[in-house]
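In our numbering, the protein residues as written are 53 to 172.
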């Protein structure tokens with residue numbers, strides 16, 4: 053009886069790993085255990101979300117406590133995104149979003165510099 057249960061559990065684990073997104077699967081396969089892999093995935097999602105927030109939505113005139121509140125709620129949202137990232141490519145989407153926003157910021161700075169030089 054125990055042999056059948058072990059085989060069934062192994063097949064179920066393989067099914068779950070096969071249906072995971074690429075980055076989540078890589079993290080879970082290379083981490084020492086599943087708890088650490090979950091924390092690594094949460095940290096990656098939080099860091100990427102903070103980068104996307106900073107590149108696209110952050111305002112420089114906010115007070116310190118307002119930034120703390122924003123990052124606390126960002127962290128709570130990242131917990132939900134971590135659960136979604138098991139089977140959806142959330143990490144990959146955040147990387148692509150960060151790349152697009154950084155390209156946008158670079159081009160925006162370049163255009164502002166050319167406008168300032170033309171005005172002089």
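Note that the Cβ used here is the ideal one computed from N, Cα and C, for glycine as well.
Small disclaimer: the values here were computed from a predicted structure and weren't measured.
- When secondary structure is reduced to three states using DSSP, residue 165 falls in the helix class.
- By the Cβ-count criterion, residue 148 is exposed, with fewer than 16 other Cβ atoms from all chains shown falling within 10 Å of its own Cβ.
- If you look at residue 140, you'll find it isn't in any alpha helix (DSSP H); DSSP assigns it neither H nor E.
- Assignment of residue 100 by DSSP, reduced to helix, strand and coil, places it in the helix class.
- The continuous alpha helix (DSSP H) containing residue 77 extends over residues 74-82.
- Under a 10 Å Cβ-count criterion, residue 166 is classified as exposed, with fewer than 16 other Cβ atoms of the shown protein chains found around its own Cβ.
- The three-state secondary structure of residue 110, taken from DSSP, is coil.
- Per DSSP, residue 172 lies in no alpha helix (DSSP H) segment and is marked neither H nor E.
- Nearest in C-alpha terms to residue 110, of all of 153, 73 and 82, is 153.
- For the pair residue 93 and residue 69, the Cα-to-Cα distance works out to about 15 angstroms.
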